[in-house]
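**Q** In our numbering, the protein residues as written are 1 to 216. What follows is a structure written as structure tokens; I'll ask about it next.
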């Protein structure tokens, strides 16, 4: 696990979830997985557990009930948005979010085993992040891609999106989505140095790389 990334409650949650026999099909993904197991670039609070197969809500409700005890939480709130089961634990005046999501897309690379935890591959997270920015605006996604794109170039990630999600991102559309970075006015708590100006310049350059394809 990455140093200075995972907080005690996150470590306890990860350990507890992967100790449950009926949670064997889950893997940790999202920003916290990326920060803690790969990049060590920023702080991240929420825990996102994905499963390619469907699962009964009662399964994750039981797990959440056990977590409430493990975390010594004062309260537990549940919400569901489509296939996303979200649990909010109240502890010392802070709300801690743990999400269990049906994610019916096959992974492009094997999951990584870290201790008892199963962690999504870095390339899969990168592909997911590129797809995610076309569906929402969150500065964290741009920050994550800023640190991922030097390793996984934009054409490779677009190919990954096509393979994983069955759609190819139109260059005009993707360019406009990348330029949403201009709306960023604040960054998450960073561990590695990054300025808003550098972030905006980087994605402006990324969008520019799509111009040649548009003009073909």
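Just so it is clear, CB atoms sit at the ideal spot from N, CA and C, and this is done for glycine as well.
If I follow the unbroken alpha helix (DSSP H) through residue 30, where does it start and stop?
**A** Taken as a continuous stretch (DSSP letters only), the alpha helix (DSSP H) holding residue 30 covers 30-34.
**Q** According to DSSP, simplified to helix, strand and coil, what is residue 59?
**A** Three-state DSSP puts residue 59 in a helix.
**Q** In whole angstroms, what separates the C-alpha of residue 162 from that of residue 193?
**A** Straight-line Cα distance between these residues: approximately 32 Å.
**Q** Assuming contact is defined by CB atoms lying nearer than 8 Å, are residue 140 and residue 188 in contact in what I supplied?
**A** Cβ atoms of residue 140 and residue 188: closer than 8 Å.
**Q** First and last residue of the alpha helix (DSSP H) that includes residue 73?
**A** Note, residue 73: premise wrong, no alpha helix (DSSP H); not H, not E.
**Q** In three-state DSSP terms, what is residue 1?
**A** At residue 1 the pLDDT is 43, less than 50, meaning the model places this residue with poor confidence and gives no usable figure here.
**Q** Below 8 Å between beta carbons: does that hold for residue 123 and residue 145?
**A** No, these two residues do not count as a Cβ contact at 8 Å.
**Q** I believe residue 101 touches residue 19 by the beta-carbon criterion, under 8 Å. Please report the beta-carbon distance rounded to the nearest angstrom.
**A** With a Cβ gap of about 20 Å, residue 101 and residue 19 do not count as contacting.
**Q** Distance, Cα to Cα, residue 8 vs residue 62?
**A** Their backbone Cα atoms lie some 21 Å apart in a straight line.
**Q** Would you check if the distance between the CB atom of residue 28 and the CB atom of residue 5 is smaller than 8 Å?
**A** Cβ atoms of residue 28 and residue 5: not closer than 8 Å.
**Q** Let me confirm a value: residue 82 is counted as buried when at least 16 other C-beta atoms fall within 10 Å, else exposed. Which label applies?
**A** It counts as exposed.
**Q** Use the C-beta contact count for residue 167: other C-beta atoms within 10 angstroms, 16 or more gives buried, fewer gives exposed.
**A** Exposed.
**Q** Who are the near neighbours of residue 165 in its chain, counting only those whose CB is closer than 7 Å to its CB and skipping five residues on each side?
**A** Cβ within range, chain order: 105, 131.
**Q** Beta-carbon within less than 7 Å of residue 54's beta-carbon, same chain only, minus the 5 sequence neighbours each way: which residues are those?
**A** Excluding sequence neighbours, residue 54 sits near 102.
**Q** Any idea which residues DSSP pairs residue 158 with across the strands?
**A** Residue 158 pairs with nothing; no bridge assigned.
**Q** How big is the Cα-Cα spacing for residue 2 and residue 125?
**A** A caution first: residue 2 carries a pLDDT of 45, below 50, which makes its placement in the model unreliable, though a value can still be read off. The straight-line gap from Cα to Cα measures roughly 16 Å.
**Q** Could you pull out every residue in the same chain whose Cβ sits closer than 6 Å to the Cβ of residue 33, ignoring the five residues on either side in sequence?
**A** Correct list, in chain order: 119, 120.
**Q** Based on DSSP bridge pairs, tell me the residues matched to residue 48.
**A** Beta-bridge pairing links residue 48 to 29, 99.
**Q** Taking residue 148 as the reference, which of 203, 59, 111 has the closest Cα?
**A** Here the closest residue by C-alpha is 203.
**Q** With C-beta atoms as the reference, is residue 207 less than 8 Å away from residue 179?
**A** Against a cut-off of 8 Å, the Cβ pair of residue 179 and residue 207 comes out as a contact.
**Q** When the Cα atoms are used, what is the spatial distance from residue 66 to residue 99?
**A** Cα to Cα, the separation comes out at about 15 Å.
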